[in-house]
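These protein sequence lines are chains E and F, in that order. Just so you know, the working numbering puts the end of the first sequence at 348, numbered straight through with nothing missing. Just so you know, the working numbering puts the end of the second sequence at 348, numbered straight through with nothing missing. By construction, the Cβ of each residue, glycine as well, lies at the ideal position given by its N, Cα and C atoms. What follows is a short report on a single structure.
Protein chains: 2
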Amino acid sequence: MRIDELDTPVLDCDLDVLERNIQQTADLCRRLGIPLRVHSKSHKIPEIAHWQMDAGATGICCQKVGEAEVMVAAGIRDILIPYNIVGAAKVDRLLRLARRATMTVAVDSLETAQGLSAGAAQIAGRVRVLIELDTGGRRCGVQSPAAAQDLARQIVGLPGVDLQGVLTYPSRREAKPFLDETVARLRQDGIAVHVVSGGGTGHEAISQEIGCTETRSGSYIWEGLTRVHGRDDLDSNRCPLRVVTTVVSVPAPGRVIVDGGMKTFTSYPPIPYGLCLEYPELHIVGMSVEHGHIDSRASTHRFRVGERLSFIPLHGGLTTNLHDKMVGVRGEQVEVVWEVAGRGKIR
Amino acid sequence: MRIDELDTPVLDCDLDVLERNIQQTADLCRRLGIPLRVHSKSHKIPEIAHWQMDAGATGICCQKVGEAEVMVAAGIRDILIPYNIVGAAKVDRLLRLARRATMTVAVDSLETAQGLSAGAAQIAGRVRVLIELDTGGRRCGVQSPAAAQDLARQIVGLPGVDLQGVLTYPSRREAKPFLDETVARLRQDGIAVHVVSGGGTGHEAISQEIGCTETRSGSYIWEGLTRVHGRDDLDSNRCPLRVVTTVVSVPAPGRVIVDGGMKTFTSYPPIPYGLCLEYPELHIVGMSVEHGHIDSRASTHRFRVGERLSFIPLHGGLTTNLHDKMVGVRGEQVEVVWEVAGRGKIR
């Protein structure tokens, strides 16, 4: 089937570009000598996770237990959830996954660790944990090496919970003193630190430089989308994701309406929404829920109803979360239609 | 089951408030003497559409053929799609629906009308159309009464397409001359104008005032969410929708992280994201994909990991599009768990 036989709007992925992006970051990490752990939330598709593993990733990340359930069912066997798993229902699901795969989760409080331990006792299970450090990202994480040491001392006494090391995001040079002091304090206490997990697409070399034992990257497969919000850096030779739309109205000179809006494109970041491959001079100036509003005044092309326009969307992880299916294409041919199996797994 | 037995994040709907909102707008339109056509895209749940019909709505709107397929399958028999349906695949689906329900669609170009006519010829079907007028909304629609007249003259010659009248959005007083002149021009040409469809939650009285034969409303069931972006106007006695989250981290004084982010809340409008029911003094200051970042400095409450916080989200239609299920509650009890059957129907 040819791509133009698909009804729109439709989420497409150029498989040649995707494979090149997967290979490039895998090669980079191999050269740097740092293990790569890939984030499946960027695509939510088990086969892409397997491609990343085949290229050399040592494991994957999921952000929710529901996403991990999808990936374990698809045969992935080493998963880090860099997230505090809180509440008996989720902890039970996590511990059952831990019987089928190596599962590691973040903790930044005794309450979270105690919840894991209580759940482990229920089913005689075990789970690996990393203490999350807030080294400047200002999201979750303990605030100091001393706080990490205090928490580590408490965690090692909890049954069913195996402390493996520490985790932070993003990897930054400024984080090194925090990481070094934390590792030293834990080792002083006789706690083995097997894992220092850093992350961030584009931060692979810094992860290696600051002493991480692995680096987590996700959006690198979409290259540029989440990192670059400006139009100038979007390049169809590097960005494999595209939303193909149809012009449904050309109501007035300079105004073109396509059949994808906020349900198709995500509204984050709010502008410029995307780059048109066929006519890069087009500007998406607004989105209704189901309409994309395009200013075509900079174009000499005479747009007509029924014409197709393809856009590189700006946030891969949020865009894939809006679509039930993603179509993998080579040139103009459809090669695979994937279910976005991890879509909507918010729990 | 009690609401606090549900794992989070979870989308809840207070059924008492929902029913009151449905009844109030139905009563308003009855008093005004204008038929109400309700927009199912706001909720995407067939049972709610039936409640709206039971309260007096004369039909529903869907924004996509896929949404209409869900609603026809659930027994709804009068559907307007105020959207240009473009492309043979969608037109074929539309015309097959038109055998099972009264289907009406918008057109603003001869190309769209010709596509419908060509599809109708394929299956010996018929579909009703309204000419969309851009009376100032600056989205789709013909630009003048004369343009509407030209298009109408062309449409009446097309087999399989039954011109019923005109449509605009939103209903505004300034639109009256455009509407009146268009209707007069069509009637001069001997074209019966059965329908003048206006719309917009809160515009019901204006629709009546400017001579519409029906008014389309959708977000009224969530009362305030899409119309009021400021916190002060959110009121849990009027807004039935809420996202229940769990605190997963209290990493530093004044900072609380909950387990819902941009995949749970929508990132539109970008601030303030939502209003906390339990602690209205909280401010959601940011969203990552899976984390909600809350500034708790204005609160004297000492937040702890595991605590539940409920938020009124700001855009009903986009929020329901992120969730596979919605839970209907009365007080603290779960009464129904709905599949959001129209979610993700982007085609």
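ask   = Are the beta-carbon atoms of Gly138(E) and Pro171(E) separated by less than 8 Å?
value = yes
message = For Asn238(E), would you say it is in contact with chain F, using Cβ-to-Cβ distances shorter than 8 Å as the test?
response = no
ask   = When the cut-off is 8 Å and only beta carbons count, does Leu37(E) lie next to chain F?
value = No, Leu37(E) does not count as interfacial toward chain F.
query = What does a CB cutoff of less than 7 Å around Tyr274(F) pick up in its chain, not counting 5 residues either side in sequence?
reply = If you ignore the 5 residues before and after Tyr274(F), its C-beta comes within less than 7 Å of the C-beta of Phe266, Ile285, Met288, Leu315, all in its own chain and listed in chain order.
inquiry  = Taking only three categories from DSSP, how would you classify Pro254(F)?
reply    = Pro254(F) falls in the coil class under three-state DSSP.
inquiry  = Check whether the region 10-26 of chain F and the region 33-40 of chain E touch, using three or more Cβ-Cβ pairs below 8 Å as the test.
reply    = no
request  = Determine the closest residue to Ser110(F) out of Ala50(F), Gly57(F), Ser145(F), Ala74(F), with distance taken between C-alpha atoms.
outcome  = Ser145(F)
inquiry  = For Ile46(F) and Val196(F), I'd like the C-alpha separation in whole angstroms.
reply    = 26 Å
request  = Spell out the partners DSSP gives Asp8(F) in its beta bridges.
outcome  = Answer by DSSP bridge pairing: none, since Asp8(F) is not bridged.
task = Indicate whether the contact test is met: 3 or more Cβ pairs, each with one atom in the region 216-223 of chain E and one in the region 234-251 of chain E, closer than 8 Å.
result = yes
Cβ-based contacts, 9 Å cut-off: residues of the region 37-54 of chain F near chain E = Lys42
key: Neighbouring residues, chain E, relative to Ala253(F) (Cβ below 7 Å)   = Gln144
request  = Using a threshold of 8 Å, state whether the C-beta atoms of Met72(F) and Ile80(F) are closer than that.
outcome  = Yes; because the gap between Cβ atoms is below 8 Å, this pair is in contact.
task = Along the beta strand (DSSP E) that carries Pro83(E), what are the first and last residues, could you check?
result = 79-85
inquiry  = Can you confirm whether Tyr1(F), when its beta carbon is compared against all beta carbons of chain E, has any partner nearer than 8 Å?
reply    = This structure gives no information on residue 1(F), because the portion of chain F shown stretches from 2 to 348.
query = Looking only at its own chain, which residues have a Cβ that is under 7 Å from the Cβ of Arg101(E), when we skip the five neighbours before and after it?
reply = Val73
request  = Evaluate Glu70(F) with the Cβ neighbour count: other Cβ atoms within 10 Å of its Cβ, from every protein chain shown; 16 or more gives buried, anything less gives exposed.
outcome  = By the neighbour-count criterion, in which 16 or more other beta carbons inside 10 Å mark a residue as buried, Glu70(F) falls on the buried side.
query = Going along the chain, which residues of the region 60-86 of chain E sit with their C-beta nearer than 9 Å to a C-beta in chain F?
reply = Gln64, Lys65, Tyr84, Asn85, Ile86
task = Please confirm if Glu112(F) has its CB atom under 8 Å from at least one CB of chain E.
result = yes
request  = For Asn322(F), return the contacting residues in chain E, with the cut-off set at a CB-CB distance below 7 Å.
outcome  = The answer, in chain order, is Lys264.
query = Going by DSSP, which residues form a beta bridge with Leu164(F)?
reply = Val130(F)
task = Taking Asp135(E) as the query, report the chain F residues whose CB atoms sit under 7 Å from its CB, ordered along the chain.
result = Pro252
task = Only counting runs of 4 or more residues, tell me where the alpha helix (DSSP H) segments fall wholly within the region 161-226 of chain E, in order along the chain.
result = 177-189, 205-210
Whole-Å CB distance - Gly126(F) paired with Ala89(F), under 8 Å assumed = Not quite, the Cβ-Cβ distance comes to about 13 Å (not below 8 Å), so this is no contact.
Sub-8 Å separation of Val290(F) and Leu117(E) beta-carbons = no
request  = Take the Cβ of Gln64(F) as the centre, count every other Cβ of all protein chains shown within 10 Å, and call the residue buried at 16 or more, exposed below.
outcome  = buried
inquiry  = Just checking: is the beta-carbon of Gly203(E) within a distance shorter than 8 Å of some beta-carbon in chain F?
reply    = Answer no: the Cβ-Cβ gap between Gly203(E) and chain F never drops below 8 Å.
query = Along the region 291-310 of chain F, what residues have a CB closer than 8 Å to any CB found in chain E?
reply = Glu291, His292, His294, Arg305, Val306, Gly307
request  = Check the DSSP bridge columns for Ser15(E) and list the partner residues they point to.
outcome  = What sits at residue 15(E) in the sequence shown is Asp, not Ser. DSSP lists Val330(E) as partners of Asp15(E).
request  = Note down, in chain order, each residue of its chain lying with its Cβ closer than 6 Å to the Cβ of Thr202(F), except the 5 sequence neighbours on either side.
outcome  = Ser218, Ser220, Tyr221
ask   = Does the separation of the CB atoms of Thr169(F) and Leu134(F) fall below 8 Å?
value = yes
task = Could you list the residues in the region 278-292 of chain E with a C-beta less than 7 Å from some C-beta on chain F, going in chain order?
result = Closer than 7 Å at the C-beta level to chain F, one finds these residues of the region 278-292 of chain E: Ser289, Val290, Glu291, His292.
inquiry  = Can you give me the C-alpha to C-alpha distance between Arg298(E) and Arg140(F), rounded to a whole angstrom?
reply    = 16 Å
key: Ser118(E), DSSP secondary structure in three states   = helix
ask   = Taking the C-alpha atoms as reference points, what is the distance between Ala122(E) and Ala75(F)?
value = 46 Å
request  = Could you tell me whether the Cβ of Leu95(F) comes closer than 8 Å to any Cβ of chain E?
outcome  = no
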